[in-house]
Every structure is written in C-alpha cells, then in structure tokens.
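All letters in the sequence shown, in the order written, are residues 699 to 1142 by the numbering used here. Right, one structure below, let's go through it.
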Amino acid sequence: MTTKKFKVIVVGGGLSGLTVGHCLAKAGIEFVILEGRPEGEQLPGTTVTIWQQNMRVFDQLGLMDALYELNSPIEYKANLLPDGSILHKNRLPALSETLLGYKWTSMQRADLIQLLESRLPGRERLLKDKKVSDIEVHDDGVKVVCTDSSEFEGSIIMGADGVYSKVRRLLAKKKPTQGGATKKSRKSQIEASYAALFGAAPALPDTPRDTFFETHGPEMQMQAAVNSGVQYFAIYGKLPEATSERRTFTDADKEEFVRRFGEFHLIPGTKVADMVAKSTWAHMVLLEEGVVNVWYGDRVVLVGDAVHKMTPNLGLGYNMAVQGVTLLTNFLRRELLTTNGSEGLSTAVLNDKVFAPYQKERYKNAYAATDVSGTALRVAAWYKPLAKVVDKYIMPLINGDELLLKLLVLPILLDGVVLDFVEEKGFKAGTKKWKQARQTVSSG
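This is how it looks when you write it as structure tokens:
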C-alpha cells in the first residue's frame, strides 16, 4: 500500500475531529474527516466553554474573533442551595480574564460546530454518513472501511470518535505495538458514577443574562445559563452504582430523574420540574470519567474523549482535546519536515517521535483535568458529610471558586501549548505568565 503524500484519516467529525482538521490544514497536512452522522443531524448539546489557553490556539487558526462573536458574555457566577437561595456570588469569569488576558468564552455547541465546519479549509474533506466498520494497518499505510463499503487509504488514522471510540475498540482487537500506561489509578478505565440531563427552554424575561447559575446539594449539581434567549441547563445526578457499561436512558428513566430533583431550583424562582416541563428538548446521558492507558498503536492514534473523558462541570473536556490535537500536530509536522511531506515516515518513527511523546506530555494534564472535574462535582454534590460542610459553610467564606481556579485549574491552563509554527497575532497578556511564550514567528 502506498500513497503519494502523507495523509491523515480522521475518524469522527464532532468538535475534536473538526479541530484536528483545522490544525492539520494550518500545518499543510493532507486529511479527510469521516463523520458517522448524516448531513443535518446534530446531537443535542448545551454550551461549550473555551478556556483561555485555547483562545491562543484559535487566534492562530484565525477563529478567535468569530468565537468572541458567538460568546454569551457572563460576568457573574452564582452558587445556589436547592431552595434557590444564593450561597455565594462571584466574578470568576472576570478574574480569569485578569489572570490570563483572554475572555472566558462560552457558546452554544451547535454554533461552534457550525463555525468549525463552515470555516474548515477544504470543506469537501468532511464526509458525513460514514460509519467505520473496520481498519487495516500495514507497514506503509492504513485503510478505513465504512459500513457503506466505501474505503479510504492514508498514512495514519486519528480516532476522534468519542468516549465509545470505534477506532479504540478496533485497535485493541488488532493488538499492534501500543502505547503503555503512564499512570494507573481508579481513573485508568472509563466508568460513570453520575448521569446528566441536558436541556433547553425559552429563557424567562427576568432571568439575568450575565450570570451563570450553579446549584449544589445532595447527590446532585446543576448548572444553567442563558445564550441567545435560550435557557440551557444541565443536571448531574449520582447513579445508584458506578458502571462501565454503555447505557441508553428511556423516557421513564428521565421522568424518574426529574422527580428525584424536581423540587430543587435551577435558578432562583424556577424549579427543575418547571424548567423541564417548558423545555424544547431534554436528553439524558451517562457522565463517563477516566483516562485510558493506551493512546496509540501502529499508525493509529486517539484524541479527545477517545482517551480522556471528564465530567463537564468545569468545561475542561473539549479544552483538553484541543490541547492534545495541537501538540500532536506539532510533533507530526516536525517529523514530516524531514521528509518534505512524503510517505516516508516509518511506523517506528511515528510511534517513537510522534505518538509516544504526545501521550507522555498530555497524560499528566489530562489526568489532572479529569481528577479536578470529578472532585469538584462530588464536593458540590455533597458526596460525604464533610463535603457538605466544606461546600456550604467554608467555601463561601474563602471565595472557594476563586481558590479552585487559582490552585487547581490555573496550573492546567498555564501549561497550555500552542502551534509552534504560527504567529499569535492577537496575543493577550494577563497577570500570570504562560509556560509557553508567545509564538512570534511563523516557521516552515
């Protein structure tokens, strides 16, 4: 099997896969994206947060201004008790901007996907309704076979196909030389201890547009914010027991979930039951958590939720995917420069110079982001009596959200990487210093 030019087959055309496409295009690397969903179909989703380390990357991709146009400005964060009373209110988004220079940005998931699709260089390289059935790995290339019998040949496969990654499962069956574990713990396998009900409803006229609401209470955490006149909400509830099995929830499951938390307030004056009754859609899913031990095999590498899945309460999941894709692009481009972009990267070089360093450098941050997200959810859900005392009585006194940001989240953000071959034209400096200095010169 031979191809004339190095080509990446990206499996998965969601947020992570589209981000891969943008980074590869900027690096001048050929690619095709295979997305399983047909044209026009979107999975339900609420809001996506883009933390500041990735605004640097989107600046390099020429998308920062467009993201700011989609941004729903949030000035305050208000933590509530189940009865709707305010536990603590702060200006966390403003603090993060002061520390890091860029705005804390959030937007509707569908709007972000539409932006990434519409601005993708070579939009024809995004192919939909392409469900992968098998992969073939050869000494000099790969082949992806889809359920419609179409086949795609390339140099490597990037699996950006989510927490239940088909590519990951196929990789495990073929058992090529694989990347070993960096750290083993309770999070070395994907499992879910919580479920979530995501939904949207028309925003009430008197609901503050500048406030992100978060309710804390027994076995649950809830979040709500308005974007473009729509009230988006997320309800995270503890499962009776943890599970590593994939699960689809029924209408009866959703109704029971709503009954369980129905009298709690999502926002002051509005209970869960009332909000769900007015919703235009509501979708219940598992909240998987974990970092897998194997991130790559011969000519196959995984990104995003396919290798690290975290609870969404801190908005770190997509941000960790962007960071992984950025670093992987840097390593891949660096090696391709030695071959003038030809097919000449051997499997050994890919494993040793691209995939292994990618896993080694990203594992620590991915693990930390998974851990801090899960811990923050459990404390807000009062998973132990001590957690309730800390969350309800101590955290408001010490500005707990700001402390969480500065001590646990900020180190992850400051460690962020950018594309090492594109100038940061819109670079913004905050009071904290980035580990990677401003990229001032485009190379290659």
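Every residue, glycine too, gets a C-beta built ideally from N, C-alpha and C.
Residue 894 classed as buried or exposed, judged by whether at least 16 other C-beta atoms fall within 10 angstroms: Classified as buried, residue 894 has 16 or more neighbouring CB atoms from the shown chains inside 10 Å of its CB.
Closest by C-alpha distance to residue 846, when choosing among 735, 1094, 1128, 976: 735
Alpha carbon of residue 981 to alpha carbon of residue 897, nearest angstrom: Linking residue 981 to residue 897 through their CA atoms gives a straight-line distance of about 6 angstroms.
Pairwise C-alpha distance: residue 914 and residue 1077: Roughly 9 angstroms between the two C-alpha positions.
Residue 1104 in three-state terms, based on DSSP: Note: residue 1104 maps to helix in three-state DSSP.
Where residue 758 falls: helix, strand or coil (DSSP): helix
Pick from 752, 738, 730, 719 that is closest to residue 1132, judged by C-alpha positions: 752
Within 8 angstroms, strictly: CB atoms of residue 842 and residue 830: yes
Same chain, Cβ closer than 6 angstroms to residue 748, five either side skipped, listed in chain order: Scanning its chain for C-beta atoms nearer than 6 angstroms, with the 5 sequence neighbours on each side dropped, one finds around residue 748 the residues 803, in chain order.
Cα-Cα separation between residue 764 and residue 808, rounded to whole angstroms: 14 angstroms
Three CB pairs or more closer than 8 angstroms across the region 752-762 and the region 1017-1027: yes
Residues bridged to residue 791 [DSSP beta-bridge criterion]: In DSSP, residue 791 forms no bridge with anything.
Beta-carbon proximity list for residue 933, same chain, < 7 angstroms, skipping 5 on both sides: The beta carbon of residue 933 lies closer than 7 angstroms to those of 894, 895, 918, 920, 959, 970 in the same chain, with the five residues before and after it left out.
Exposed unless 16 or more other CB atoms sit within 10 angstroms - verdict on residue 744: buried
The region 853-867 touching the region 998-1013, judged by at least three CB pairs closer than 8 angstroms: Segments in contact, yes.
Member of 899, 903, 923 whose CA lies at the smallest distance from the CA of residue 910: Relative to residue 910, the option among 899, 903, 923 whose CA is nearest is 923.
Where the alpha helix (DSSP H) through residue 1018 begins and ends: 1015-1034
Whole-Å CB distance - residue 713 paired with residue 811, under 8 angstroms assumed: Contact holds; Cβ gap of about 6 angstroms.
Under 8 angstroms between C-beta atoms of residue 968 and residue 889: no
Proximity of residue 936 and residue 1079 at Cβ, strictly below 8 angstroms: yes
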